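Okay, so here's the structure we're looking at.
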Amino acid sequence: MGTMQRALVLGGTQFLGVHVVERLLDAGYDVTLSNRGETNPEAFPHLQTLLADRDSNMACLEGSAWDVIYDLSGHEPEHIAKVANHVNNDARYIFVSTINVYADTSGTDPITENSIVFTTPFDEVDPESMDAYGQLKALAEAEVRAHFPQHHVVRPGVICGPGDPSDRLTYWATRFAESGPHIVPEAQEVSLQFIDVRDLAGWLVSLGSEPHSGTYNAVAPRTTLSAFLSEIERISGSSVERVALSESAMKKHEVMPWVQIPMWLPTSDTGKQAFFNIDASDATRRGLMTRRSPDTIQAILEWADGERLKTEPRYGLSSDQETDLIAVLRNE
Numbered sequence: 001m002g003t004m005q006r007a008l009v010l011g012g013t014q015f016l017g018v019h020v021v022e023r024l025l026d027a028g029y030d031v032t033l034s035n036r037g038e039t040n041p042e043a044f045p046h047l048q049t050l051l052a053d054r055d056s057n058m059a060c061l062e063g064s065a066w067d068v069i070y071d072l073s074g075h076e077p078e079h080i081a082k083v084a085n086h087v088n089n090d091a092r093y094i095f096v097s098t099i100n101v102y103a104d105t106s107g108t109d110p111i112t113e114n115s116i117v118f119t120t121p122f123d124e125v126d127p128e129s130m131d132a133y134g135q136l137k138a139l140a141e142a143e144v145r146a147h148f149p150q151h152h153v154v155r156p157g158v159i160c161g162p163g164d165p166s167d168r169l170t171y172w173a174t175r176f177a178e179s180g181p182h183i184v185p186e187a188q189e190v191s192l193q194f195i196d197v198r199d200l201a202g203w204l205v206s207l208g209s210e211p212h213s214g215t216y217n218a219v220a221p222r223t224t225l226s227a228f229l230s231e232i233e234r235i236s237g238s239s240v241e242r243v244a245l246s247e248s249a250m251k252k253h254e255v256m257p258w259v260q261i262p263m264w265l266p267t268s269d270t271g272k273q274a275f276f277n278i279d280a281s282d283a284t285r286r287g288l289m290t291r292r293s294p295d296t297i298q299a300i301l302e303w304a305d306g307e308r309l310k311t312e313p314r315y316g317l318s319s320d321q322e323t324d325l326i327a328v329l330r331n332e
């Protein structure tokens, strides 16, 4: 790489951030972190950390020149503007956004980078709305483009893999690794799409030396929930009885799609048909390479502590909830 490149990572101690920082260090970057020091502060004790709260003051960033800035924690336009006021604007700015910026996921055509994104003014964003996260991220993207001529805006789908705190795919991997009856949605042939955190992190680091600005979706090719669950059984050697739960039964028993049935949206929800139909061909042309799902499943199983998912998983049914629901369904 020649002269050691200086990288500033905003965030860097949570799930994606840890993988990005590790990849940057492997690539020979001089890495500085900036975060509140509250989440996993012991993750990189040997690295300089500039303590700052993005909702208040980022003046601690002044006085240094960065070659590349990785923004993993910016959620609002003001977060970007405050950083821009205190750093050199000729740095290459890599902003991790989200596919939730897309305003319309109701169609059957794939979502591309040219699909319509939210343009909701900041003072009209309802923080209680399901769309608020995407609306704010879309506004933050605009701030990145306005302040940093050299930029990459990356819109990942659901990120999963070792270290994932969300339990979305971890739930299915650990639950289906255990033989026995398990609840599944009746409609299992629906699309499923995600990206392994290791693939995303590696590609983000490669963008640090990519001179062309751009906006990219970042997901792996689609599979189906049914195929994904079959892969878990094959890899773990489990034998699972799939107890199908219809949409009407979900409503009757107050089971929430996506929250208690992770990574699954009702087929009756026509407004979300394209959520797992994301086109990432532009990112692929820029070097994004994604591994096959068995590799991701294996890594999750090696990392995950299945015990924590038996009581109060962030996503999914607890073991007791699932057992009780299966008993009810069989008696109906």
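In full-length UniProt numbering, the protein residues as written are 1 to 332. The beta carbon of each residue, even a glycine, is placed where N, CA and C say it ideally should be. Please read these numbers as outputs of a predicted model, since none were measured by experiment.
So, with DSSP's three-state summary, where would you put residue i?
i	result
Q135	helix
S230	helix
D104	coil
I326	helix
G12	coil
A59	helix
E332	coil
A146	helix
M1	For M1, the predicted structure reports a pLDDT of 47, less than 50, and the residue's modelled location is therefore unreliable. A value from the coordinates is still provided. Coil, per DSSP.
L72	coil
A187	coil
A65	coil
A43	coil
Would you mind reading off the limits of the beta strand (DSSP E) that contains residue i?
i	result
F176	Unbroken run through F176 is the alpha helix (DSSP H), 168-176; no beta strand (DSSP E).
Q48	48-51
P77	Premise fails: P77 lies in the alpha helix (DSSP H), 77-84, not in any beta strand (DSSP E).
I111	I111 -> no beta strand (DSSP E), and no H or E assigned at all.
D95	Reading off the sequence shown, one finds Phe at residue 95, where the question assumed Asp. Looking at the DSSP string, the run of the beta strand (DSSP E) that includes F95 is 92-96.
G214	214-218
N89	Here N89 belongs to no beta strand (DSSP E), and DSSP marks it neither H nor E.
S34	30-35
P156	151-156
On the criterion of 16 or more Cβ atoms from any shown chain inside 10 Å, does residue i qualify as buried, or is it exposed?
i	result
Q48	exposed
D26	exposed
K252	exposed
T170	buried
I195	buried
R234	exposed
W303	exposed
M263	buried
E62	exposed
I69	buried
M130	exposed
residue 336	Look at the range of the chain in this structure, 1 to 332, and you will see that residue 336 is not part of it.
P185	buried
M4	exposed
V259	exposed
N89	exposed
D123	exposed
V20	buried
P313	buried
C160	buried
Just to check my reading of the structure: residue i and residue j have Cβ atoms closer than 8 Å, yes? What is that Cβ distance to the nearest angstrom?
i	j	result
E231	I297	6 Å
A299	P162	5 Å
V255	L329	Not confirmed; about 11 Å, so no contact.
D199	T290	5 Å
V219	Q193	5 Å
V197	R23	Between R23 and V197 the Cβ distance is about 11 Å, and since that is not below 8 Å, they are no contact.
A173	N217	Between N217 and A173 the Cβ distance is about 24 Å, and since that is not below 8 Å, they are no contact.
Can you tell me where the alpha helix (DSSP H) holding residue i begins and where it ends?
i	result
L25	15-26
L317	Run containing L317: none; DSSP gives neither H nor E here.
S206	197-207
If you measure from the CB of residue i, is any heavy atom of the ligand ADP nearer than 7 Å?
i	result
D109	Annotation note on the ligand ADP: not contained in the displayed structure, which lists no ligands.
Item to check | Inside the region 236-315 only - alpha helix (DSSP H) runs reaching at least 4 residues | outcome: 247-252, 281-285, 293-303
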